[in-house]
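>
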Amino acid sequence: MKLKGTQILLKALEEENVDIIFGYPGGAVLDIYDELYKSSMKHILVRHEQGAVHAADGYARATGKVGVCLVTSGPGATNTVTGIATANMDSIPLVVFTGQVPTGLIGNDAFQECDITGITRPCTKHNFLVRNIEDLAATIKEAFHIARSGRPGPVLVDLPKNVMAAAAEYDPASIKIRNHEPAYRPAFKKMNNLLEMLTAAKKPLIMTGGGVILGKASDLLTKMAQKYQIPVTGTLMGLGSFPGTDPLWLGMLGMHGTYYANMAVSHCDLLLAVGVRFDDRVTGNIDTFAANAKIVQVDIDPSSINKNVAVDLPIIGDTQAALKDLIKFLDEHNYEFDKSQRQEWLDQIDDWREKVPLSYCKNGEVIKPQFVIETLYKLTKGDAIITTEVGQNQMWTAQFFHFDNPNTFVSSGGLGTMGFGLPAAIGVKCAFPDKHVVDIAGDGSIQMNIQELATAAQYKINVKIVLLNNGYLGMVRQWQELFYEKRYSHTDMTYAPDFVKLAEAFGVVGMRATKPEEVEAVLKEGLALDKPVLMDFRVSREECVYPMVHPGDSINNMSLGSRETIN
Amino acid sequence: MEKKEHIISILVHNKPDVLARIAGILGGKGYNIESLCVNTTTQYEISKIVMTTVGTQDIITRIENQLQRLVDVIQVDDLTNVESIHRELVMVRLNLTPDRKEQIKKAVDTNKWKVIASADTYMILEITGDQSQIDFALARLEPLGIADMTRTGIVALNLEN
Ligand SMILES: Cc1ncc(C[n+]2csc(CCOP(=O)(O)OP(=O)(O)O)c2C)c(N)n1
Ligand SMILES: [Mg+2]
């Protein structure tokens, strides 16, 4: 039997086990929306297409599944670009469906026509324009396969209106597509090399990244580190891939990493980097990064290897397969480490940890943003999925919330997209309705997609927003303070809405704390409410994120800021 | 590390935007394409792109890796590292002005250049060869007054599989 394009789309989504779509209608997708009206597919109507992509992205990061969006042509499609680029930088699997004008009008500057495949070519893993109804089903199947295979990423599928109105046979069992799963498997020789390097190492260190979470390899990495007593540091994207409460965990490295993590990187003699791409925010001055170490890099994408840092032993492969092989190999070859030597290394790290722990200057008068995060951690016992915006709020979250499990820290790392956190939290909460889902936000960022409060209110998606309101574009202000002699050019955000009233206007509960002693009560009540809640914490305005490596400096050269407590 | 010209052969799925993807990923990352030739292979669905670019071995490896990431790219080979044979083709129009007519005809004869079209007022030559042969021919043609010319990029084929 022949089906219409719109019907094939929905059937194909079911075939891919899609259970939710984030979207926004318009002329070019009216037919698809009409089909949705008749179907049982869950659809969340966001308030801006950027929000749809971030929501699908949050859903994908928290579940490990492919996130799905549907938007109209022209402005609907262009509004998705920031979201797509965000997912692309962090290798998040998405399929974004965009409406398109009928094929006969493409190229004519038709109403709401735009070359969205051209626009998104550099920021998608791949994209398709479906010109024939006969190609529709296979294209959708291939899009999902590409999104989740190998190094994952966003795939855009452009759907001209006439193609969706046409009809074709649909037989999911007979669809054949190309295989895009890379077939790399680390070679025996490489494993042997690694065994030799590990045996020779006196001060090994593991550096874990987003690739470990994407590869669902956290358990393996944890097992290996614990079994062989190798300390672990991680990138922002790697948070949660190793338990944040384990004594072997050193916290994040890099620009706002812990002192002890950066010292460990600078002193280790073997760095086993898994699923990382050595971003400049992580390495600081490349010439001195891990200067005393042999570097082993495990990554699925050959283009990530030797890109920024020269690697002694590259192992190309999926992190899960590679770690599985490696653990087995070490087992079979009875890898043993010198216990007293290892203890010496761990003791040295503990000395650094004691010398400069992660801390901040406590204050009884004004709310410290770090204190809000610590209290949130205490109240939730870490059992929450946290999204963040971008800026100081994001760095403090990375420092002061401890993530024990993968897929519980959801943040825009590579692109650093302000406005990500709220829609992402909505996507996460749709997947995990029974979990605490909290967006730790900044006052600047939250205004970038604040309209999504309406989405949360409409569908009773009970996300919590912990707003660290410093009245500044804080992270930019910090750089102006440190590097531009406090010339605060256009970073003062004191002219802002009353966030409590704003929340209420959207049908969201608004709460506020202005004194440290109110913090716990507000958080407790806000978390307990079975409603979306925005909690406005008026925090100390000119707090800086420390430690900090100045841009271009070596990561062991950190400014520590003032850590004295004033009461 | 030493910069040199590399000839890269790329097998791709013959899709309308595959060239845009290749140009985009290289241009977007700041790599320059010096010359380019594209056509189908014995299978219509598969095209071969022969591209030359200049860079250190490091840069070339990065370019290869970036190309490999593209979904429509099937295979990437650096023909500079294997034994391969290279050709370019150039077509040159010489205008047969009264003062040069005889000189041009004589030069064409002595150099055994191939004339592929001609009339009273012009002559079009086709020259194939590797890069240095073409450069050499063009240097000889220069004094005769090249009215117009068009030159392909390099095509190359490895001698053995
Ligand atoms: C879309 C976007 N525009 C601009 C920036 C540059 N930027 C990075 S952090 C930041 C300030 C963020 O301010 P706020 O959300 O209040 O967070 P805070 O640093 O104060 O915690 C800005 C403007 C960005 N990352 N994203
Ligand atoms: Mg702020």
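Residue numbers (our numbering), protein chains in the order written: chain A, 487 to 1053; chain B, 1468 to 1628. Quick reminder that beta carbons are idealized off the backbone N, C-alpha and C, glycines included.
1) Straight-line CA distance for B:H1553 to B:I1583?
2) Which residues mark the beginning and the end of the beta strand (DSSP E) in which B:T1595 is found?
3) Using Cβ-Cβ distances below 8 Å, what residues of the stretch 774-789 of chain A are close to chain B?
4) Determine whether the Cβ of A:I483 lies closer than 9 Å to any Cβ atom of chain B.
5) Can you confirm whether B:R1529, when its beta carbon is compared against all beta carbons of chain A, has any partner nearer than 9 Å?
6) Can you check which of these residues, A:K627, A:G905, A:D925, is closest to A:T894 by C-alpha distance?
7) Go through the stretch 1503-1587 of chain B residue by residue and report every complete run of the alpha helix (DSSP H) that reaches 4 residues or more, in order.
8) Less than 6 Å between C-beta atoms, sequence neighbours within five positions excluded: which residues of the same chain meet that for A:S1045?
9) For the alpha helix (DSSP H) holding B:E1472, just list the boundary residues, first then last.
10) Got a sec: does ligand 1 put a non-hydrogen atom nearer than 8 Å to the Cβ of A:E875?
11) Going along chain B in order, which residues have a C-beta closer than 7 Å to the C-beta of A:H437?
12) Would you please verify whether the beta carbon of B:I1475 is less than 9 Å from any beta carbon of chain A?
13) B:Q1542 touches chain A at which residues, Cβ-Cβ below 8 Å?
14) In the stretch 660-682 of chain A, which residues sit with their C-beta less than 8 Å from some C-beta in chain B, listed in chain order?
15) Please say whether A:V994 and A:L939 have beta carbons closer to each other than 9 Å?
16) Is the closest heavy atom of ligand 2 to the C-beta of A:N778 under 8 Å?
17) DSSP state of A:C555, grouped into three classes?
18) Between the alpha carbons of A:I859 and A:K1001, how many angstroms are there, rounded?
19) What are the residues that DSSP puts in a beta bridge with A:N955?
20) Does B:Q1535 get closer than 9 Å to chain A when you measure Cβ to Cβ?
21) Measure the alpha-carbon distance for A:Q783 versus A:V797 and round it to whole angstroms.
22) Can A:L908 be considered in contact with ligand 2, in the sense that its beta carbon sits closer than 8 Å to one or more heavy atoms?
23) Along chain A, in chain order, which residues have C-beta atoms closer than 8 Å to that of B:N1481?
24) For the putative contact between A:L681 and A:Y523, defined by C-beta atoms under 8 Å, what is the C-beta separation to the nearest angstrom?
25) Determine the closest residue to A:C555 out of A:G590, A:W882, A:I518, with distance taken between C-alpha atoms.
26) What do you get for A:P703, buried or exposed, if any count of 16 or more other CB atoms within 10 angstroms of its CB means buried?
27) Are the beta-carbon atoms belonging to A:V582 and A:E502 less than 9 Å from one another?
28) CA-CA distance, A:G743 and A:K497?
29) Does the distance between the C-beta of A:L758 and the nearest non-hydrogen atom of ligand 2 fall short of 8 Å?
30) Distance check for A:L988 and A:G558, CA to CA, integer angstroms please.
31) Can you tell me which of the three DSSP states A:V858 falls into?
32) Does the distance from the CB of A:G648 to the CB of A:G724 come in under 9 Å?
33) Quick check on A:N1053 - is its C-beta less than 9 Å from some C-beta in chain B?
34) Quick one: residues in its chain with C-beta nearer than 7 Å to the C-beta of A:A1103, no 5 flanking neighbours on either side, listed in chain order?
35) Given that B:R1488 touches chain A, what residues does it touch there, using C-beta distances under 8 Å?
36) Using the three-state DSSP reduction, which class does A:K793 fall into: helix, strand or coil?
Straight from the coordinates:
1) Stepping through the second sequence from its first residue, residue 1553 of chain B is reached at position 86. Stepping through the second sequence from its first residue, residue 1583 of chain B is reached at position 116. CA-CA distance, B:H1553 to B:I1583, rounds to 22 Å.
2) Walking along the second sequence from the start, residue 1595 of chain B turns up at place 128. For B:T1595, the enclosing beta strand (DSSP E) stretches over residues 1589-1596.
3) Residues of the stretch 774-789 of chain A that bring their beta carbon within less than 8 Å of a beta carbon in chain B comprise D787, P788, S789, in sequence order.
4) Past the boundaries of the shown model lies residue 483 of chain A; chain A is included only from 487 to 1053, so the question cannot be answered.
5) The residue you call residue 1529 of chain B lines up with position 62 of the second sequence. At least one CB atom of chain A sits nearer than 9 Å to the CB of B:R1529.
6) Here residue 894 of chain A corresponds to residue number 408 of the first sequence, with the count starting at 1. When only C-alpha atoms are compared, the closest one is A:D925.
7) For the stretch 1503-1587 of chain B, whole alpha helix (DSSP H) runs of length 4 or above, ordered along the chain, are 1524-1536, 1568-1578.
8) Walking along the first sequence from the start, residue 1045 of chain A turns up at place 559. Taking A:S1045 as the centre and dropping the five residues before and after it, the same chain places the C-beta of M1034 closer than 6 Å to its C-beta, in chain order.
9) Along the second sequence, one-based indexing puts residue 1472 of chain B at 5. For B:E1472, there is no enclosing alpha helix (DSSP H); the enclosing beta strand (DSSP E) has its first and last residue at 1471-1480.
10) Reading the first sequence from its first residue, position 389 is the one you call residue 875 of chain A. At least one heavy atom of ligand 1 falls within 8 Å of the beta-carbon of A:E875.
11) Outside the shown range of chain A, which is 487 to 1053, sits residue 437 of chain A, and nothing can be said about it.
12) Within the second sequence, numbered from 1, the residue matching residue 1475 of chain B stands at position 8. No - not a single Cβ of chain A is within 9 Å of the one on B:I1475.
13) If you number the second sequence from 1, residue 1542 of chain B lands on position 75. Below the 8 Å Cβ cutoff, chain A contributes no neighbours of B:Q1542, its closest Cβ being approximately 14 Å away.
14) Residues passing the 8 Å Cβ filter: H666.
15) Counting from 1 along the first sequence, the entry for residue 939 of chain A is found at position 453. Counting from 1 along the first sequence, the entry for residue 994 of chain A is found at position 508. The criterion of a C-beta distance shorter than 9 Å is satisfied by A:L939 and A:V994.
16) Position 292 of the first sequence holds residue 778 of chain A. When distances are taken from the beta-carbon of A:N778 to the heavy atoms of ligand 2, even the shortest one reaches 8 Å or more.
17) Working through the first sequence from its first residue, we reach residue 555 of chain A at position 69. Note: A:C555 maps to strand in three-state DSSP.
18) By 1-based counting over the first sequence, the position of residue 859 of chain A is 373. By 1-based counting over the first sequence, the position of residue 1001 of chain A is 515. Using only the alpha carbons, I get a separation of about 15 Å.
19) Here the question's residue 955 of chain A lines up with position 469 in the first sequence. In the DSSP output, where bridge partners are listed per residue, A:N955 has A:R1024.
20) What you label residue 1535 of chain B is simply residue 68 of the second sequence in a count that begins at 1. True, the Cβ-Cβ gap to chain A drops below 9 Å.
21) Here residue 783 of chain A refers to the residue found at position 297 of the first sequence. Here residue 797 of chain A refers to the residue found at position 311 of the first sequence. Straight-line spacing of the CA atoms in A:Q783 and A:V797 works out to 7 Å.
22) On the first sequence, position 422 is the one that residue 908 of chain A refers to. For ligand 2, not one heavy atom lies less than 8 Å from the Cβ of A:L908.
23) Here residue 1481 of chain B corresponds to residue number 14 of the second sequence, with the count starting at 1. The CB of B:N1481 never comes closer than 8 Å to any CB in chain A; the least such distance is about 14 Å.
24) Translated into positions along the first sequence, residue 681 of chain A becomes position 195. Translated into positions along the first sequence, residue 523 of chain A becomes position 37. Their Cβ separation, rounded to whole angstroms, is 60 Å, which puts A:L681 and A:Y523 out of contact at 8 Å.
25) Here residue 555 of chain A refers to the residue found at position 69 of the first sequence. Minimum Cα distance to A:C555 is reached at A:I518.
26) On the first sequence, position 217 is the one that residue 703 of chain A refers to. Per the sequence shown, residue 703 of chain A should be read as Ala rather than Pro. Within a 10 Å sphere around the beta-carbon of A:A703 sit 16 or more other beta-carbons, which makes this residue buried.
27) Here residue 582 of chain A refers to the residue found at position 96 of the first sequence. Here residue 502 of chain A refers to the residue found at position 16 of the first sequence. When the beta-carbon positions are compared, A:V582 and A:E502 stay at least 9 Å from each other.
28) The residue you call residue 743 of chain A lines up with position 257 of the first sequence. The residue you call residue 497 of chain A lines up with position 11 of the first sequence. Distance between the alpha carbons of A:G743 and A:K497 is about 47 Å.
29) The residue labelled residue 758 of chain A in the question sits at position 272 within the first sequence. Result no, Cβ not under 8 Å from ligand 2.
30) Position 72 of the first sequence, counting from 1, holds the residue named residue 558 of chain A. Position 502 of the first sequence, counting from 1, holds the residue named residue 988 of chain A. For the record, residue 558 of chain A in the displayed sequence is Thr; it is not Gly. C-alpha separation (whole angstroms): 29 Å.
31) Here residue 858 of chain A refers to the residue found at position 372 of the first sequence. In this structure, DSSP gives A:V858 a helical state, which the three-state scheme calls helix.
32) Mapped onto the first sequence, residue 648 of chain A falls at position 162. Mapped onto the first sequence, residue 724 of chain A falls at position 238. Here residue 648 of chain A is Asn; the residue named in the question, Gly, does not match the sequence. Contact flag unset, no.
33) Against the first sequence, residue 1053 of chain A aligns to sequence position 567. Any reading at A:N1053 must be qualified, since the residue scores a pLDDT of 42, below 50, and its modelled position is unreliable; no value is offered.
34) Here chain A comprises residues numbered 487 to 1053, so residue 1103 of chain A is not present and cannot be evaluated.
35) Reading the second sequence from its first residue, position 21 is the one you call residue 1488 of chain B. Residues of chain A passing the Cβ test: R607.
36) Taking the first residue of the first sequence as 1, we reach residue 793 of chain A at position 307. When DSSP states are grouped into helix, strand and coil, A:K793 belongs to the coil group.
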